[in-house]
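Trainee: Please find one structure pasted underneath; my questions will follow.
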C-alpha cells in the first residue's frame, strides 16, 4: 500500500511544475499591463515612475529570467508579493484557504449525501414519481447558474423568511474566535463559544447547499445508472435467495459494487466545486480563495493569479491521490496488482 | 384446496413441496403475457426431481416465483405448499426467513452469482448470521470453515479471506453450495448448476450434490436443459414446454417409454458416440415466443405427429400410473425403442 502511494506520488512534482509553467506563461501572454495594478492612473503618464515600478517588480527582465527567478523562489516557499495587497501571496492564501476548504468540504458532504441517497432511491423506485422527482431535482441543481441560485436562496431564506443569515461567515456583531484551524465552525467550538458556533454553522448552510446542489445532480444520475445495472446482476438474486432484506441487498451488496465509479465522480466534482466556489464566494461575500482569485484576475495581480492556480492544482492532485487510494480499498481486484 | 387447509400441519404422506397450477405472467402494455401457464410439480423429502426444458420454457422462472424471487413486474398466482404452508401471498418477511434457511438455491454461473467485492467467508457467514441472530461472529467463522471443508475446498482457513475472483469455476460453485447448505435446508434448488463449468468439473459438482443429499437428507430440484444430467442424477423428471409440464415420470420410465413427442425429440437429440457424425438430430422449429402461443397444443407446430385435433384443442393430462403426459396421442404413439429412436433421428430437421 505504502509502495503504491509512493509510486503514485513520484509524478506529482513534475505535474506541479507543468502547472506552474502553464500558469506563468498564460499570465505572460495576457494582453493587459499589470503595471495598471501597481501604479496609479495619474502616474502612468510619468515615464520615470513607470520605469521604477517596472524595475521594482522585475517586469523589465526577459520572460525566461523572470520564470527562473519565480521557480527558484517557489522552491523556497516564496510565491512573490501581491501587487494589490502588497503582502506575500502565500500569506494571503494561507489566510483565505481555510474559508474555501470549509465551504468546499461541507458542500461536498451535502452534495454527496444528497446525490447518493437520491440516486439510490431513483434506481430502486425506477420509473415512479420518486424517480421523476429525483430527476427534476438533479437537473435543476446542475443546470441553474450558481449566482442565480445563490441570490434566489438568499432572497428566500434570508430576506423573505429570515430563517437563515445573509452573506459572510459569521455575524459582524460577534467577535470572531482566535484563528486556530481557520475553519470558523471548528474555531468557535475550540473557543468554547457555542453561540458563535451556531452562527457560523447557519452562515455555512446556504452557500454549501448552493454549491453542493450543483454536484448532487451529477452524483445522483451516476449512482442511479450504476445501481440499475448492478441490481440486475446475478449476485443480487443470490443475496435475496439467502434471505437478505432489501435494504441490505441495496447497501451491502449492490452499492458496495459501485463505489469505484461513485468515488470517481465525487473526486471530479471536487475540481468542479473549487471552480464553483469562486462564484459562490462572490455571491455570499465569503472571504475565501475564490473571491481572492476574482480580485486578482480583475486587477491583473500576476503573483496572486499564479499562486491561486498552484494551490488549486495541488488540491486537485491530492484529491486524485486520495481517490486512487480509495479505489484500492473499494475494489479487491485492484488490490493485488 | 383452500388456504385454511394448506396451513394445517404436514402429515406423513404429504409431499415436502407441492406446486399446483402455478402461473407467472408479465404485464406489458395492459396485457399479461403468460410465461408459466400452470405448473404442477410435487417433491417428497429426500427426493431428486429433474426439471427439464429449453431456455425460456419457464423452468427457472417457475421455481423463482415459488420462492418469491420473481421480477417486480411479474404476476404470480396458483399454489405452492412447502411443509404444509402456502407460500404464494405470504408476507415478504416470512419468505425471507424461509429463503436460505429451509429452502436454498444455487445458480448457473458461480462467478456472477457471488458478490465480487465480498470475501467468500463474509458471504457464507452472512447466510448464517441472517438466520441465526444469536450466533456470534466467531461461531459463524468456525461453521464457515466446517462448510468449506464439507465441500472439499483445500486450505479453508486461507481461502475464507479470499475473493471470488481468486477461485476457479468449480471452486466457486462449491462456495455457492457451501452457502446454500449453511443452514441445513430441506430443499435445495439447483438452477443449471453445471452448465457454466468444464465437463470434468461438472461431474465433480454433481457427485458432490448427490453426496450432500445423502449426508444431509436434502431434497433436490435439478433445473437443467440437459437430459444427460437428469438421467444420471434424478429420481423423477418433469419435462416443461412453453410454461407447462408436458410429461412427468420416474427417470427410468421416462427414458424407456417417453409418451410425449417433445420428450422423444429431446432424448433423440442427445448426441451418441455410435451415431454418424453429421446426423445429429434436432427438433425442428423453435419454442413459441412469449405472448404468441399457438392454439391447441403449444408443441403442434414442431410435432411430426400433429393432427387437426392438436391444432385446435389443448390436450388434457393423461395419467398412466405414476407417468403422466399431456398429449392427445400419449397412449397411441408408436412404441419407443432403438428403432423408433433411430427413425426419429433419420427424419430431416426442417421447420
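Protein chains in written order, with the working numbering: chain A, 1 to 337; chain B, 338 to 688.
Note that CB positions come from ideal geometry on N, CA and C, so glycine has one too.
Tell me, please, which residues DSSP counts as bridged to residue 695 of chain B.
Mentor: Chain B is shown only over 338 to 688; residue 695 of chain B falls outside these bounds and no answer can be derived.
Trainee: Would residue 289 of chain A and residue 2 of chain A be called neighbours here (beta carbons separated by less than 8 Å)?
Mentor: no
Trainee: May I ask you to verify whether the region 438 to 455 of chain B touches the region 527 to 535 of chain B, counting CB pairs closer than 8 Å and requiring at least 3?
Mentor: The answer is yes - the region 527 to 535 of chain B touches the region 438 to 455 of chain B, with three or more Cβ pairs under 8 Å.
Trainee: Less than 8 Å between the CB atoms is what I'm expecting for residue 467 of chain B and residue 437 of chain B, so what's the real figure, rounded?
Mentor: 6 Å
Trainee: What's the gap between the Cα of residue 203 of chain A and the Cα of residue 170 of chain A?
Mentor: 6 Å
Trainee: In the region 443 to 530 of chain B, which residue ranges form an unbroken beta strand (DSSP E) of at least 3 residues, counting only runs that do not cross its ends?
Mentor: Counting only runs of 3 or more residues that sit fully inside the region 443 to 530 of chain B, the beta strand (DSSP E) segments are 524 to 528, in chain order.
Trainee: Note down, in chain order, each residue of its chain lying with its Cβ closer than 6 Å to the Cβ of residue 131 of chain A, except the 5 sequence neighbours on either side.
Mentor: 122 and 125
Trainee: Quick check on the burial criterion: 16 or more other C-beta atoms within 10 angstroms. Buried or exposed for residue 42 of chain A?
Mentor: Exposed: under 16 other Cβ atoms inside 10 Å.
Trainee: Since residue 281 of chain A is in the alpha helix (DSSP H), which residue starts that stretch and which ends it?
Mentor: 259 to 283
Trainee: Going by beta-carbon coordinates alone, are residue 660 of chain B and residue 601 of chain B separated by less than 8 Å?
Mentor: no
Trainee: Go to residue 234 of chain A, then tell me how far its alpha helix (DSSP H) extends in each direction, as first and last residue.
Mentor: 234 to 241
Trainee: Helix, strand or coil, according to DSSP, for residue 685 of chain B in the structure here?
Mentor: Any answer about residue 685 of chain B is weak, because its pLDDT of 49 lies below 50 and its placement is not dependable; what the coordinates show is given next. The answer is coil: DSSP assigns residue 685 of chain B none of H, G, I, E or B.
Trainee: For residue 313 of chain A, report the span of its beta strand (DSSP E) as first-last.
Mentor: Boundaries around residue 313 of chain A are those of the alpha helix (DSSP H), 302 to 330, since no beta strand (DSSP E) includes it.
Trainee: Tell me which same chain residues have a C-beta within less than 7 Å of the C-beta of residue 290 of chain B, skipping the five on either side of it?
Mentor: The displayed coordinates of chain B run from 338 to 688. Any statement about residue 290 of chain B would go beyond what the structure contains.
Trainee: Quick one: Cα of residue 388 of chain B to Cα of residue 672 of chain B, how far?
Mentor: 24 Å
Trainee: Residue 333 of chain A CB to nearest chain B CB: under 8 Å?
Mentor: yes
Trainee: For the alpha helix (DSSP H) that contains residue 137 of chain A, what are its first and last residues?
Mentor: Annotation: the continuous alpha helix (DSSP H) that includes residue 137 of chain A extends over 129 to 143.
Trainee: Contact criterion: CB-CB distance below 8 Å. Does residue 450 of chain B meet it with respect to chain A?
Mentor: yes
Trainee: Does any CB atom of chain B fall closer than 8 Å to the CB of residue 229 of chain A?
Mentor: no
Trainee: Here's the rule: buried if 16 or more other CB atoms are within 10 angstroms of the residue's CB, otherwise exposed. What is residue 266 of chain A?
Mentor: buried
Trainee: Does the structure place the region 272 to 287 of chain A close enough to the region 211 to 225 of chain A that three or more beta carbon pairs sit under 8 Å?
Mentor: yes
Trainee: Which of helix, strand or coil does DSSP assign to residue 632 of chain B?
Mentor: coil
Trainee: CA-CA distance, residue 301 of chain A and residue 313 of chain A?
Mentor: 18 Å
Trainee: Identify every residue that forms a DSSP beta bridge with residue 88 of chain A.
Mentor: A:81
Trainee: If you drop the 5 nearest sequence neighbours on each side, which residues of the same chain put their C-beta closer than 8 Å to that of residue 16 of chain A?
Mentor: The beta carbon of residue 16 of chain A sits closer than 8 Å to the beta carbons of 310, 313, 314 and 317 from its chain, once the five residues preceding and following it are set aside; these are given in chain order.
Trainee: For residue 74 of chain A versus residue 144 of chain A, is the C-beta spacing smaller than 8 Å?
Mentor: Between residue 74 of chain A and residue 144 of chain A, the gap from beta carbon to beta carbon reaches 8 Å or more.
Trainee: Counting along the chain, where does the beta strand (DSSP E) carrying residue 412 of chain B start and finish?
Mentor: 411 to 419
Trainee: Rounded to whole angstroms, what is the Cα-Cα separation between residue 330 of chain B and residue 548 of chain B?
Mentor: This structure cannot speak to residue 330 of chain B, because chain B is shown only from 338 to 688.
Trainee: Under DSSP, the beta strand (DSSP E) around residue 20 of chain A begins and ends at which residues?
Mentor: Looking at the DSSP string, residue 20 of chain A is not in any beta strand (DSSP E); the run it does join, the alpha helix (DSSP H), is 12 to 28.
Trainee: Starting from residue 467 of chain B, find everything on chain A with Cβ-Cβ shorter than 9 Å and list it in chain order.
Mentor: 242, 243, 244, 245 and 248
Trainee: When you compare only the Cα positions, how much space is there between residue 228 of chain A and residue 639 of chain B?
Mentor: 38 Å
Trainee: Relative to the C-alpha of residue 635 of chain B, which candidate in B:622, B:578 and B:657 has its C-alpha closest?
Mentor: B:578
Trainee: Does residue 237 of chain A have its Cβ less than 8 Å from a Cβ in chain B?
Mentor: Yes, contact with chain B.
Trainee: Less than 8 Å between the C-beta atoms of residue 510 of chain B and residue 542 of chain B, yes or no?
Mentor: Yes. Within cutoff.
Trainee: Per DSSP, which one or two residues make a beta bridge with residue 589 of chain B?
Mentor: None; residue 589 of chain B has no bridge partner.
Trainee: Report the three-state DSSP secondary structure of residue 563 of chain B (helix, strand or coil).
Mentor: coil
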